[in-house]
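Chemist:
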Amino acid sequence: MAPLLSGYLIAAALAALQPAHAKDPIRDFCRRWGHQTAVVDNRLYIDGGQLTWNPMSQNPLNYTNSWLLYNDLEDSSSGMPQLHADLNKTRNVPDLSGGVLWADEVNKVLYLYGGEYTDSTPEAFKPWAYDILLNQWNQTDVSAAAGIQRVSYGAGVTVNETGIGYYLGGWLNNNTVPGWGAEPMLTSNLIIYDFVNDAWTNNTGYDQTGRGEGVMVYLPASDKGLLVYFGGVIDPFDNGTVVGDALSNIYIYDIASTKWYKQTATGEIPDMRRKFCGGVTWAQDKSSYNVYIYGGQGITNTTGYDDVYILTMPSFQWIKWYPTEAGPGNPHGISSCNVVNSAQMLIIGGWFAQHQDCDSPSVWGTHNLNLGKNGPQDAMWDLFYPNITEYLVPPEIVAKIGGDSRGSATNKAPDTWDNRDLPVYFSRFPTFAARTATRDVSAATGGSNSTSSGDSGDSNVGAIVGGVVGGVGGLLLVLGLAWFCLRRRKKSKDGVKEKQPLQTNPVELAADDSTNLEATFVA
């Protein structure tokens, strides 16, 4: 009887040790959205956001993603970069949606800023960094970030040449700031973080108008570079009533002079949209800078978009690139976009309003846009090819700006410059001294050997238990572990959300419509 009882107790202990969701982020993947991403070396890292499990008919809840994942950009054996889930992320590191991962490619560190809690009460902002070489998370100096608040669904970008991250606008609300207790509010500030000197500053944006849910990119133009922002929503009357910002309004920040400008774009201007994604690349001679945007949620269009537009600069023309034929499409937003080697843009995840199907689960919601259509099939939507590392300007852009696939654009000005400083900035190219690492970075990228599966922080539980069940002492240890894990589960920050359909987006959106995916958690 005693051995039988021991067996039951051990089985119960093993069950208690399993993670609350008991799902695998690779094998059981269905959808993801609201995550933050960054590319360092040959890995595309994915942190936070929310996900659903496959099939959705049997798993009708939203979960917070508690894993730090990465796509191996050298392994496209499945057609897209292989996804891995074997990196460390301890439970004290927050799992956030709508933030940014600033990538220090020189020192091999990711910095997490912004985002909102979707499964628990927000904590006061503390800067977190993931050390790629050591495979561990660390808090940076909290005092250095004094006065900086966490915001969500702003627009972030890294300038690797200087080791500085930027984040414009975003939401202050009950999910970002502890004890907020007021109506959600869009901010107008430009947050700047200097990685090397661990220095934070809170600068003014283009104006005092709160804005968020747009896209910002970095251009290697002017003396120290330019930041370009557009789209999303604004609060023009500072009363909580937000409206869409027309994509003809292009906001430009000259880093050297710290001055903001606005330039009017023309051409096939996209509909206003929020929570879309984008990335930038440029001709080899920098005669054109081309921002590709994808999808997004609608302002007056409740279903969102399944399209690709290109903003080519300095002519400031919008070009519709996809679709080329009429059809219903597959609208979704809250995706991520990452340009890889200047030539391809990986679009990952998104929230689909019109159906309950999983998002390409065999490749984990990963889609590839060949920015120059220079793959084996000359296709726009294509498999991912690690060996495509050269951007060719596609014919649709060449037709508008002249030149050829390698540059030599002849149309390098808009119909009218809105400020005489802008043509000067676009005629210059920055020169940066090569950054040197502030630590030894000779070790290979990543932590443990990559696998195609794994549960961060909860793996190898069976192996731990198996080594100690040979006697009474082992049994007591198992029971102790079970008791500990039951307590940990009770206190766990991992939450489960009830899935609700996207809210209708009226012309004038309520200020609390900051995520469109509000839901109630269940125990």
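Residue numbers (mature numbering (1 follows the signal peptide of the UniProt record, and there is no 0)): -22 to -1, 1 to 501. For each residue, glycine too, the CB sits at the ideal point set by N, CA and C.
#1: Taking the alpha helix (DSSP H) that Ile379 belongs to, which residues open and close that run?
#2: Beta-carbon within less than 8 Å of Gly380's beta-carbon, same chain only, minus the 5 sequence neighbours each way: which residues are those?
#3: In terms of alpha-carbon separation, which member of Gly305, Leu349, Leu111 lies closest to Asp418?
#4: Measure the C-alpha to C-alpha separation of Gln127 and Thr302 and round it to an integer number of angstroms.
#5: Provide the residue(s) that pair with Gln262 in DSSP beta bridges, ordered along the chain.
#6: Is there contact between the region 103 to 110 and the region 76 to 88, where contact requires at least three CB pairs shorter than 8 Å?
#7: CB Ser130 to CB Gly92, shorter than 9 Å?
#8: Would you mind working out which of Tyr171, Val174, Thr99 sits nearest Asn151, comparing C-alpha positions?
#9: For the ligand NAD, is there a heavy atom less than 8 Å away from the beta-carbon of Ile375?
#10: So the alpha helix (DSSP H) Val402 belongs to, where does it begin and stop?
#11: Starting from Ile326, trace the beta strand (DSSP E) in both directions and tell me its first and last residue.
#12: Can you tell me the Cα-Cα spacing of Arg189 and Tyr403, whole angstroms?
#13: So, at 8 Å on beta carbons, what are the nonlocal neighbours of Ala102 in its own chain, with the 5 sequence-adjacent residues on each side left out?
#14: Take Ile142 as the anchor and find which of Val71, Asn175, Tyr369 has the nearest alpha-carbon.
#15: Which residue or residues does DSSP assign as beta-bridge partners of Ala160?
#16: Let me know the secondary structure DSSP gives Ala387 once reduced to three states.
#17: Please state whether DSSP places Val341 in a helix, a strand or coil.
#18: Mind checking Val137: buried by the 16 CB within 10 Å criterion, or exposed?
#19: Using a 10 Å radius around the Cβ and a threshold of 16 neighbouring Cβ atoms, would you call Val269 buried or exposed?
#20: With Asp282 and Ser313 assumed to form a contact (beta carbons below 8 Å), what rounded beta-carbon distance in angstroms separates them?
#21: Could you check where the beta strand (DSSP E) with Met194 kicks off and where it finishes?
#22: To the nearest angstrom, how far is the alpha carbon of Phe362 from that of Tyr41?
#23: Does the distance from the CB of Trp149 to the CB of Thr165 come in under 9 Å?
#24: So Val371 packs on Ala261, CB below 8 Å; how close in whole Å?
#25: Determine the direct distance from the alpha carbon of Cys336 to that of Met34, and round the result to whole angstroms.
#26: Whole angstroms are fine: how far does the CA of Pro339 sit from the CA of Ala415?
#27: Compare the Cα-Cα distances from Lys202 to each of Trp115, Ala411, Gly159 and report the closest residue.
#28: Could you give the distance in angstroms between the alpha-carbon of Val258 and the alpha-carbon of Tyr369?
#29: Please check the pair Gly76 and Gly12, which I expect to be a contact at CB under 8 Å, by giving their CB distance rounded to whole angstroms.
#30: What does DSSP give as the partner residue(s) for Cys315 in the beta ladder?
#31: Cβ atoms of Val211 and Arg252: under 9 Å apart, would you say?
#32: When DSSP labels each residue in this structure, what does Ala(-7) get in the three-state scheme?
#33: Where does Ser75 sit, in a helix, a strand or coil, going by DSSP?
#34: State the beta-bridge partners of Glu52 as determined by DSSP.
#35: Please report the distance separating the alpha-carbon of Asn144 from that of Leu347.
#36: Please report the distance separating the alpha-carbon of Asp6 from that of Trp299.
Modeler: Straight from the coordinates:
#1: Its alpha helix (DSSP H) spans residues 373 to 379.
#2: The residues are Ser386, Ala387, Thr388, Asn389.
#3: The shortest C-alpha separation from Asp418 is found at Leu111.
#4: Our two residues, Gln127 and Thr302, have alpha carbons roughly 43 Å apart in a direct line.
#5: Note: Gln262 sits in no beta bridge, so no partner.
#6: Three or more beta-carbon pairs drawn from the region 103 to 110 and the region 76 to 88 are found closer than 8 Å, and the two stretches are therefore classed as touching.
#7: In terms of Cβ geometry, Ser130 and Gly92 form a close pair [threshold 9 Å].
#8: For Asn151, the closest alpha carbon among the candidates Tyr171, Val174, Thr99 is that of Thr99.
#9: With respect to small molecules bound, the structure shown includes none, and the ligand NAD cannot be examined in it.
#10: Membership of Val402 in the alpha helix (DSSP H) is indicated by the continuous run 399 to 404.
#11: That run of the beta strand (DSSP E) goes 322 to 326.
#12: A direct Cα-Cα distance of roughly 25 Å separates Arg189 from Tyr403.
#13: Only Pro156 meet the Cβ criterion.
#14: For Ile142, the nearest C-alpha among the options comes from Asn175.
#15: Answer is none; Ala160 lacks a bridge partner.
#16: Coil.
#17: Per DSSP, reduced to three states, the secondary structure at Val341 is helical.
#18: Buried, because 16 or more other Cβ atoms sit within 10 Å of the Cβ of Val137.
#19: The residue is buried, with at least 16 neighbouring Cβ atoms inside 10 Å.
#20: Per the sequence shown, residue 282 should be read as Gly rather than Asp. No, Gly282 and Ser313 are not in contact; Cβ-Cβ is about 10 Å, not under 8 Å.
#21: Segment 193 to 197, the beta strand (DSSP E) holding Met194.
#22: Whole-angstrom Cα-Cα distance: 28 Å.
#23: Going by C-beta atoms, Trp149 is nearer than 9 Å to Thr165.
#24: Rounded, the Cβ-Cβ distance is 5 Å, consistent with contact.
#25: Looking at the two C-alpha atoms, the distance is approximately 7 Å.
#26: Straight-line measurement puts the Cα of Pro339 at about 38 Å from the Cα of Ala415.
#27: It is Ala411 whose Cα lies nearest to the Cα of Lys202.
#28: The alpha-carbon separation between Val258 and Tyr369 amounts to approximately 11 Å.
#29: Indeed, because the Cβ distance is near 6 Å, the residues count as touching under 8 Å.
#30: Answer is Ile325.
#31: Yes, Cβ-Cβ distance for Arg252 and Val211 is below 9 Å.
#32: Residue confidence is low: Ala(-7) scores 39 on pLDDT, short of 50, so the model does not pin down where it sits. No coordinate-derived value is stated.
#33: Correct three-state label for Ser75: strand.
#34: The partner list for Glu52 (beta bridge, DSSP) is empty, contrary to what the question assumes.
#35: Inspection of the sequence shows that residue 144 is occupied by Tyr rather than by Asn. Rounded to the nearest angstrom, the two C-alpha atoms are 25 Å apart.
#36: One C-alpha to the other measures close to 33 Å.
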